[in-house]
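Chemist:
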Amino acid sequence: MPKKSYEWGTPGKEYPFIRQHSIAKHEILKAYLIEYFKTLTFNPGREIIKLTLIDGFAGGGAYLHEDTKQITLGSPFIMLDAVKEAEASINATRTKPLKIDADFVFIEKNRHAYKFLEFELKLRGYESLINDKIFILNSEFQKKSADLVERIVGKTPRARRAIFLLDQYGYSEISPSFIQGILSKLPGSEIILTYAVDSLINYISDSEQTKKLLEKIETPDLLRGKTVEEIKSSERDWRLFIQSMLYQDFVKACGAQFFTSFFIRSDRGHGDYWLLHFSQQPKARDVMAGIHWDLNNYFIHYGDPGLDMFMLGYFDKKDDTQSGQMSIDSFQFDNEAKELSINTLHDEIPQFLCKKPDGMRFDQLFTETCNWTPATSTLIKESIVNLAATKEIDVFTEQGKKRKRFSNINDSDQIVFSKQLKIF
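With our numbering applied, the sequence shown covers 764 to 1187.
#1: Assign Gly917 to one of two classes, buried (16 or more other C-beta atoms within 10 Å of its C-beta) or exposed (fewer than that).
#2: Would Asn897 and Lys862 qualify as a contact pair, given that the criterion is a beta-carbon distance under 8 angstroms?
#3: Based on the DSSP secondary-structure assignment, which residues constitute the bridge partners of Leu836?
#4: What does the alpha-carbon distance come out to for the pair Ser997 and Met1008?
#5: Once the 5 residues before and after Ala1138 are set aside, which same chain residues still bring their CB inside 7 angstroms of it?
#6: When we look at the beta-carbon of Phe1026 and count the other beta-carbons within 10 Å, is it buried (16 or more) or exposed?
#7: Assign Ile1091 to one of two classes, buried (16 or more other C-beta atoms within 10 Å of its C-beta) or exposed (fewer than that).
#8: Please tell me whether Pro839 and Asp864 are closer than 8 angstroms, where the distance is taken between their beta carbons.
#9: Helix, strand or coil for Asp1012, going by three-state DSSP, please let me know.
#10: Which residues in the same chain have their Cβ closer than 7 angstroms to the Cβ of Ile980, if we skip the five residues on either side of it in sequence?
#11: By a C-beta neighbour count over all protein chains shown, 10 Å radius and 16 as the cutoff for buried, is Ala855 buried or exposed?
#12: How many Å lie between Tyr958 and Lys1046 at the Cα?
#13: Quick one: give me the first and last residue of the alpha helix (DSSP H) that Lys788 is part of.
#14: When you compare each of Met1123, Gln1162, Lys847 and Thr1160 to Phe1180 by their alpha carbons, which one comes out closest?
#15: Using a Cβ-Cβ cutoff of less than 6 angstroms, which residues in the same chain neighbour Arg924 once the five nearest sequence positions on both sides are dropped?
#16: Can you name the residues that DSSP bridges to Glu953?
#17: What are the boundary residues of the alpha helix (DSSP H) that Lys885 is part of?
#18: Quick one: which unbroken alpha helix (DSSP H) runs of 4-plus residues sit fully inside the region 962-992? Chain order, please.
#19: Report the residue from Glu1145, Gln1114, Lys788 and Glu829 whose alpha carbon sits nearest the alpha carbon of Phe780.
#20: Out of Tyr1036, Cys1017 and Val1050, which one is the CA nearest neighbour of Asp930?
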């Protein structure tokens, strides 16, 4: 079980090394934040967006890239830069300027890393904002959670808008009940969490220590009453089986209405970690899923390309050597994966709709299925257009008029399994 992460030396002189594997989440964070702000600006008359950005495991703010040996900035600076870039990008196409009024809270329990971050912020021109818009706290994140909730409610009483980056080192510092508590108090907030799933699986054994660990991380039934040896002997890929069970148990306990879970793979074999995103809004989930497709060089997806990824029993029932499907660990969010998703959705959407005689609105369909698919709303809509063209489903407007010859789907459209479809 990992106990320590980076070694922080003299500020400005002794930078810890960071691997590209770890930098991936920084690029994802920046891309997501920029898109996040764009989704809040659909009203051209809006003049200000208020929110709080929290980095709960901030680190020292700067590293030395293991390969290039160049200084690489950490997540606090990613947040700061994302706000500036988003504001500039948004205002480039607006007549009325928009202001992003963001407070930044950077929390780091390691005293050396805390001082390193403080030094880097001052070095890079942010000294005047410290204790005004930027707040650096030398503390454990969990100990400041109550104060953070109060701060966020004070800044945005109605929206309670915040984004938490919780880049824990390992898998045991942030529990599902903690996430549930944050989301219940701050329904307008989102949480981005890293989870060292391979480290956990490497540690698990048939021991009392494992039993205590699973209780601590609030997944006591993870092994489903089996021993690790039984799982290893009965599952085609026992690591993926445990990941599947862990995913289901963890996200259910977190209490988020919407979530994504994708893997960032190490280039050195086992070392995958999860990048988990929790929110209470389907749009947030859709934006994050889109980022996975845009930055597909970092991600793999262990699961079905359609509507039922990570369903119980998935891994021991599907075998690409027999089904002809893409291997479960080769779904790379590339063009091949996109085509596979559309084709799989073409089969699964009618199966889903045939159980609903009156059909359902597209936005309802997306809400009910989005957590269990790597597909974005755009891909699902594309599949529905194709299905309508082959008369496997019917699409009706909000007023009840059947749509013909169309290339897009509206959120308010009613999607219905076609009664003309032949049953063989």
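From the three backbone atoms N, C-alpha and C, an ideal C-beta is built for every residue, glycine too.
Modeler: Judging by the given coordinates:
#1: exposed
#2: For the sequence presented, residue 897 should be read as Ile rather than Asn. Not a contact, by the Cβ cut-off of 8 angstroms.
#3: DSSP output for Leu836 lists Ala825 as bridge partner(s).
#4: 15 angstroms
#5: Cβ neighbours of Ala1138 beyond the five flanking positions: Ser1104 and Leu1108.
#6: buried
#7: With a pLDDT of only 42 at Ile1091, under the threshold of 50, the placement of this residue in the model should not be trusted, and no figure is reported.
#8: no
#9: helix
#10: Tyr934, Ser935 and Ser938
#11: exposed
#12: 23 angstroms
#13: That run of the alpha helix (DSSP H) goes Gln783 to Thr802.
#14: Met1123
#15: Leu814 and Gly951
#16: Ile926
#17: Arg874 to Leu886
#18: 971-979
#19: Glu829
#20: Tyr1036
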